[in-house]
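Asker: Protein chains in written order, with my numbering: chain V, 271 to 783; chain E, 271 to 783. Built from N, CA and C at the ideal position, the CB exists for glycine as well.
1) Is there a C-beta anywhere in chain E that falls below 8 Å from the one on residue 740 of chain V?
2) State whether the segment 691-709 of chain V contacts the segment 557-574 of chain E, with contact taken as three or more CB pairs (one from each stretch) at a distance under 8 Å.
3) Three Cβ pairs or more, each shorter than 8 Å: is that satisfied between the segment 429-438 of chain V and the segment 297-316 of chain V?
4) Let me know the alpha helix (DSSP H) ranges lying completely inside the segment 535-595 of chain E, each 4 residues or longer, listed in chain order.
5) How would you call residue 508 of chain E, buried or exposed, if buried means at least 16 neighbouring beta carbons within 10 angstroms?
6) Any contact between the segment 540-550 of chain V and the segment 689-699 of chain E? By contact I mean 3 or more CB pairs, one from each, below 8 Å.
7) Three Cβ pairs or more, each shorter than 8 Å: is that satisfied between the segment 469-480 of chain V and the segment 446-460 of chain V?
8) Residue 379 of chain V bridges to which residues according to DSSP?
9) What does a CB cutoff of less than 8 Å around residue 586 of chain E pick up in its chain, not counting 5 residues either side in sequence?
10) Taking only three categories from DSSP, how would you classify residue 712 of chain V?
11) Are three or more beta carbon pairs between the segment 664-680 of chain E and the segment 618-633 of chain E nearer than 8 Å?
12) How many angstroms separate the CA atom of residue 330 of chain V from the CA atom of residue 576 of chain V?
13) Check whether the segment 393-409 of chain V touches the segment 441-449 of chain V, taking contact to mean three or more Cβ pairs, one atom from each stretch, closer than 8 Å.
14) How is the beta strand (DSSP E) around residue 482 of chain E delimited, first residue to last?
15) So residue 443 of chain E contacts chain V; which residues on that side make the cut at Cβ distance below 9 Å?
16) Might you give, ordered along the chain, the residues of its own chain that have their beta carbon closer than 7 Å to the beta carbon of residue 590 of chain E, omitting 5 neighbours on each side?
17) Nearest to residue 724 of chain E by CA position, among V/467, V/588, V/517, V/432, is which residue?
18) Could you run through the segment 524-549 of chain E and flag, in chain order, every residue whose CB is less than 9 Å away from some CB of chain V?
19) For a cutoff of 8 Å on Cβ pairs, would you count residue 704 of chain E as touching chain V?
20) Which residues, in chain order, does the segment 624-637 of chain E contribute to contact with chain V at a C-beta distance below 9 Å?
21) Taking C-beta pairs closer than 8 Å, name the residues in chain V that residue 725 of chain E reaches, listed in chain order.
22) For a contact defined as C-beta to C-beta under 9 Å, what are the partners of residue 683 of chain E on chain V?
23) Under a Cβ-count criterion, where at least 16 other Cβ atoms within 10 Å of its own Cβ denotes burial, should residue 757 of chain V be classed as buried or exposed?
24) Mind checking residue 500 of chain E: buried by the 16 CB within 10 Å criterion, or exposed?
25) Looking only at its chain, what residues have a beta carbon closer than 7 Å to the beta carbon of residue 366 of chain V, apart from the 5 residues adjacent to it on each side?
26) Chain E partners of residue 308 of chain V, CB-CB under 7 Å?
27) Compute the beta-carbon to beta-carbon distance between residue 569 of chain E and residue 522 of chain E, rounded to the nearest angstrom, for a pair I have assumed lies under 8 Å.
28) Can you tell me which of the three DSSP states residue 670 of chain V falls into?
29) Going by DSSP, name the residue or residues bridged to residue 407 of chain E.
30) To the nearest angstrom, how far is it from the Cα of residue 767 of chain V to the Cα of residue 760 of chain V?
31) Using a Cβ cut-off of 8 Å (strictly closer), state whether residue 699 of chain V contacts chain E.
32) Can you round the beta-carbon distance between residue 739 of chain V and residue 627 of chain E to whole angstroms, since I take them to be within the 8 Å contact cut?
33) Would residue 272 of chain E pass as an interface residue toward chain V - the criterion being a Cβ-Cβ separation below 8 Å?
34) With a 10 Å radius around its C-beta and 16 neighbouring C-beta atoms as the bar for buried, classify residue 292 of chain V as buried or exposed.
35) Could you have a look at residue 612 of chain E and say whether DSSP puts it in helix, strand or coil?
36) So, are the CB atoms of residue 465 of chain E and residue 381 of chain E less than 8 Å apart?
Set out below in structure tokens:
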């Protein structure tokens, strides 16, 4: 079983191009997206699933959802047979689920490097980095507002991370660039500093359109291909605001994928119980996906669920908790019954530092993400402090742990070599396997190995300064950024992208809110 | 659903006894052992299970196992129908599995406080602390050889840990007590400083007998009750040494439970492949359990599997790896088909410090332990540096995470209150749930909350010195040891135990190897 897509070698005719290709041909290994060969873990019984599905239809039919400041949406819903009362949309039982049927079960998101194209759905898991934090943190500089320089560094780290399939979107908020222009710089960074797939802007419909337009340039015409996966949050409970829906409308019409995702802090935006949260999440997802299909039948969408619990003492969101796991597993089951791709989980934590708390919480979340059947995992590395901070050290620590998910998902090989009967006969009682033929033939690929953690003898480790994981991660960040070489991008495309960004920026004054 | 056994209130007649009871009646809450209401995760198909079972019988029949320096065992095996060749025992197909049938599927291990008695088997999970490290570590004192004072502290911490059901055994090696006498002090510590169930000594058959004899005193006569669970390691590959088997023989005859446990570093003591390791583990467990039943039909045993992978660069054992997870899940399936209790997993890590590496690795291991159907989890807290070190901080960090396992294992309630339809109707689109009636009625028990982690606002956390998890854990260790009060023990029993220890110690010279 191979799990690594060989980097494409770019050889081009012409002296300058060839020399440039040589200079830029860095051996950056990226694993293929995970194709699970293990079952999904299911926490809900058939009876529980049916109760939740029935209750979600009751929520849609009797309570309804709000589409705010969006007469266009209300009109589409009315024509589809929903009952409209002001901005409230009550959806008759079964209608939303019926509308969802035209959404595809599998999405091919093309990358500009075709070997990094991903398939989102089925048994697959695509891993993308942290999204959204206004702050960054590293061991040297502490916690500070994120800048475009930080953003670029995270894109480079993502490009260099073997187990990360996706470049993500707002890996941190570049707060030094005007709000109405930063999406342009962010898109250009993903397009030029990486060749992995990425996400589009959602903060205004016009910025979604910029994202589509820049992709037209990058890909030399989209021709219906899906090249972005963008994050459309539902304003839970049961509210669809016009900015997010406007972005969704742009993307749906352009056949670009949207993650339609309730944003749940349990006890605040959803009931304090698991079953109640699952019901609300399903109702919201059904309404959102159905709406995407009203905008354009066949628009690619991913059913999302961002779920945390809350610490009722402090009001802080909490991560890696058993209740968040219950919801994530449960939504996975519900979404699979819809036959649609599923987004959830991530390396979530509430800790302020990339310490043991961060790692316990993140490992709990990553494990449940794999085993709940998630198809697209945003925030799979770099998330710190409840999503307020993108951490450089945690980015490489988490990205390393993603290798655990890859190897676990392979399942257990049962071929003759794996059965190893010859090895047991050779070694026998009281022997050891270190030198036997079977071990020699298999040891290189048998066991996953961390590229960050300390495996040294105690004395060596002590002599080298008793470094903890953060210290090892700091060194790895420095090394990865030092080793980084930009992937080749056709200069005419690069210039066209730069011109687009320049012209857009020149067309409007800076805005910082 | 209640998950907490109310502490027994001891009220006794008589002025002195009543006053003493008052002084010692500390409110130490201990959760009931976990009764899983979630499915087990299964990584092997039916076909794979059958291949492994067939191969394990082949190993037993054709390769065989060694019972070393143990003519008694060889004789029992001969009488049972095995083929004996020197110390090699070849067991005809099916014989070992047939012999295993007389071992009980569920073991009641009595504690001196009956409310802390545990049921090992079925859907249950009993959590016990780290076992065996010669070193201890804490933030203040660093890494050092363990002493009896350390040992007592760990027993106290275990007694004070809500999510820990079991006091364990060698929570660290008290290296300041002679090797031939330390088991007496360790047993007395578990018996007097805690009222949770504990483990017996296995380092010599005579020490196993001391363990039984001291339990006769503690419990006022055992009358066939099982009151110890002791760790009998198999010297993998396929070797049963006379010391461990001698201890097993003592315990089996006294109806005390043994964990019969291959000790596997994959690639060294077992084949480098998962399927091969599973085959060897099953063969070893079958032979060991069968032997326990030859010693005494009906002897209570737990099928163990201590499994790590190896870093082929450094030769170090590695923890929290996907390969260890594959084996742990697989052995769980195999053991359930034997109908016997299963011991595996723990808060395993290779890290030298209780840092992020330790926590990622431990969380991976703890999650797989819960979901693989483990019934008895040794090492569930405190393990550091590949088992060389018992860490005070990690003990309380891990013990806190055991709460996650308890809450996740409850599964999802689907009663009317949990369905929360009234709450969704009350709050509606755009509202929030913080103040609604359903939240008010349920918030206290809805979400698990860490007792160690930081959930404070950033500013508060910064003002308080930016403490990391280790620092918070250090404070918790100090507080728990400060709050500790010894559970009441009948003074006559206490004096009898002390006399036993004193007499045994006086009966032989000190030995330090």
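Answerer: Inspection of the coordinates gives the following:
1) Yes, its Cβ sits closer than 8 Å to a Cβ of chain E.
2) No contact exists between the segment 691-709 of chain V and the segment 557-574 of chain E.
3) Contact check between the segment 429-438 of chain V and the segment 297-316 of chain V: three or more CB pairs, one atom from each, fall below 8 Å, which counts as touching.
4) Listed in chain order, they are 544-565.
5) If you draw a 10 Å sphere on the C-beta of residue 508 of chain E, you find 16 or more other C-beta atoms in it, and that means buried.
6) Judged by Cβ distances under 8 Å, the segment 540-550 of chain V makes contact with the segment 689-699 of chain E, as three or more pairs qualify.
7) At 8 Å Cβ cutoff, the stretches touch.
8) Answer by DSSP bridge pairing, in chain order: V/388.
9) Scanning its chain for C-beta atoms nearer than 8 Å, with the 5 sequence neighbours on each side dropped, one finds around residue 586 of chain E the residues 580, 620, 656, in chain order.
10) Correct three-state label for residue 712 of chain V: helix.
11) Touching, yes, given that three or more Cβ pairs across the two stretches are closer than 8 Å.
12) Each residue's Cα considered, the two are about 20 Å apart.
13) Contact between the segment 393-409 of chain V and the segment 441-449 of chain V is present: three or more C-beta pairs spanning the two stretches fall below 8 Å.
14) Element bounds for residue 482 of chain E: not the beta strand (DSSP E) but the alpha helix (DSSP H), 475-488.
15) Neighbours of residue 443 of chain E across chain V, judged by C-beta separation under 9 Å, do not exist; the nearest C-beta is about 16 Å away.
16) Closer than 7 Å at the Cβ level, and outside the excluded window around residue 590 of chain E, lie 618, 619, 630, 631, 632, 634, 635.
17) Proximity to residue 724 of chain E across V/467, V/588, V/517, V/432 peaks at V/588, based on C-alpha coordinates.
18) Within the segment 524-549 of chain E, the qualifying residues are 536, 537, 538, 539, 540, 541, 542, 543, 544, 545, 546, 547, 548, 549.
19) With 8 Å as the cut-off, residue 704 of chain E counts as an interface residue toward chain V.
20) Answer in chain order: 624, 625, 626, 627, 628, 629, 630, 631, 632, 633, 634, 636, 637.
21) Scanning chain V for C-beta atoms nearer than 8 Å to the C-beta of residue 725 of chain E yields 581, 583, 584, 586, 588, 620, reported in chain order.
22) At a beta-carbon threshold of 9 Å, the residues of chain V lying near residue 683 of chain E are 543, 544, 545, ordered along the chain.
23) With 16 or more Cβ atoms within 10 Å of its Cβ, residue 757 of chain V is classed as buried.
24) Buried, since its Cβ has 16 or more Cβ neighbours within 10 Å.
25) In chain order, 330, 556, 557, 560 place their CB closer than 7 Å to the CB of residue 366 of chain V, counting only its own chain and leaving out the 5 sequence neighbours on each side.
26) Residues of chain E passing the Cβ test: 313.
27) Residue 569 of chain E to residue 522 of chain E, Cβ: 4 Å. Contact.
28) Helix at residue 670 of chain V.
29) Per DSSP, E/413, E/661.
30) Cα to Cα, residue 767 of chain V sits roughly 11 Å from residue 760 of chain V.
31) With a threshold of 8 Å between beta carbons, residue 699 of chain V makes contact with chain E.
32) That belief holds up - the Cβ atoms of residue 739 of chain V and residue 627 of chain E are roughly 4 Å apart, short of 8 Å.
33) No answer about residue 272 of chain E holds up, because its pLDDT of 39 lies below 50 and its placement is not dependable.
34) Because the pLDDT of residue 292 of chain V is 46, which lies under 50, any placement of that residue in the model is unreliable, and the question is left without a value.
35) Of the three classes helix, strand and coil, the one that applies to residue 612 of chain E here is strand, per DSSP.
36) Yes; because the gap between Cβ atoms is below 8 Å, this pair is in contact.
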